[in-house]
Every structure is written in structure tokens, then in C-alpha cells.
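Under the working numbering, the residues of the sequence shown are numbered 29 to 175, in order.
Ideal Cβ positions, reconstructed from N, Cα and C, are used throughout, including at glycine.
Fair warning: this is a prediction, and the values are worked out from it, not measured in the lab.
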Amino acid sequence: MITDFPVLVPSFAKPLLRALTAWRRKEGVSVEGPARRLKDTAQCLAVRLNLSDSLSSEVAEESAVLEPLFRVYGKRLNGSQPSGTLLHMGYTNEQLFFVLWAQGHCGESDGSAVVNAVSKNSARLAKAFRCGKHKAMFLENRCHVEA
Numbered sequence: 029m030i031t032d033f034p035v036l037v038p039s040f041a042k043p044l045l046r047a048l049t050a051w052r053r054k055e056g057v058s059v060e061g062p063a064r065r066l067k068d069t070a071q072c073l074a075v076r077l078n079l080s081d082s083l084s085s086e087v088a089e090e091s092a093v094l095e096p097l098f099r100v101y102g103k104r105l106n107g108s109q110p111s112g113t114l115l116h117m118g119y120t121n122e123q124l125f126f127v128l129w130a131q132g133h134c135g136e137s138d139g140s141a142v143v144n145a146v147s148k149n150s151a152r153l154a155k156a157f158r159c160g161k162h163k164a165m166f167l168e169n170r171c172h173v174e175a
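The structure is reproduced here in C-alpha cells:
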């Protein structure tokens with residue numbers, strides 16, 4: 029468990045929220061396509077990870093926002109810190125993103141189930157933590173997530 033949070037983490041919140049809500053400002057955007065893709069992803073996750081329908085839907089939604097959040101985090105980090113700056117001595121900056129994201133689910137009733145399922149399906153997380161075939165968080169056939 030991390031006890032020392034980086035001072036810079038709160039500065040990421042505003043751009044992250046802006047990125048997440050940007051789609052709502054676009055006129056004439058159909059939600060049928062994204063809703064269908066989320067449903068397909070949820071069905072895939074339900075089968076591959078043996079999840080209930082409600083949990084697989086939550087995992088699909090969380091998975092869909094994870095990559096855009098990571099891109100905003102990276103852009104914000106690159107724009108505010110000198111190259112090579114580590115925000116936490118115990119983690120790479122990529123790993124720290126996932127640790128902070130996971131901690132955001134602490135206290136939720138399905139928090140650990142959501143975090144574990146999203147983590148298993150995330151190629152970027154597997155790369156950041158070097159999760160190979162014999163690791164608990166490795167899923168050989170990941171479900172496609174539209175990001």
C-alpha cells in the first residue's frame with residue numbers, strides 16, 4: 029500500500045474529467061455504436077473471465093475509459109515534468125497510473141473484482157508490470173475494447 033502520494037496527482041484531475049466528458053459536447057453523436065461495442069465487450073468478458081452480466085458490463089465500461097485516461101495522464105505528465113522524472117520511487121510512471129486507478133476503487137463493493145478483471149484484460153497494464161504467461165494477471169485472449 030502506498031502511503032506517500034505524489035504531489036502532482038491532483039493536477040491530473042481536471043484534464044481527465046474534461047477528456048471523459050468531451051463526447052457529451054459533440055452535436056449529433058450517436059450512442060448506438062458505442063453502446064453496441066460495450067455490450068459486445070461485456071459479453072466477451074463474461075465468457076473469458078466468467079463474470080456475471082452486471083459485473084461484465086461494469087468491467088467493459090471501466091476498460092473503455094482506461095486507455096483514454098492513460099493517454100491524458102501521459103500528455104499531462106509530459107507537459108508538466110522534465111523527461112525522466114519519476115513521480116514515485118516504488119513505481120514507474122506507467123505503473124503509478126494503474127496503482128492510483130486501482131486505489132480509486134477501494135471501498136467499492138465490487139472494487140477488487142472490477143480492478144482484477146480490467147487488469148487482466150489490459151495489454152498496457154500487462155506491459156507496465158511485465159505480466160507474462162505465468163502471471164495471475166495475464167489473459168491470453170483479451171477482449172477488444174474500443175477506446
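Annotation for Q109: no alpha helix (DSSP H) segment contains it, and DSSP assigns it neither H nor E. In the displayed model, E168 falls within coil according to three-state DSSP, outside both helix and strand. Rounded to the nearest whole angstrom, the C-alpha separation of L79 and A70 is 9 Å.
For the pair N144 and R170, the CB atoms are not nearer than the 7 Å cut-off. For C72, the secondary structure class from DSSP, reduced to helix, strand or coil, is helix. Runs of the alpha helix (DSSP H) spanning 4 or more residues and lying entirely within the segment 78-164 occur at 81-108, 121-131, 139-149 and 151-156, in chain order.
When secondary structure is reduced to three states using DSSP, E174 falls in the coil class, being assigned neither helix nor strand.
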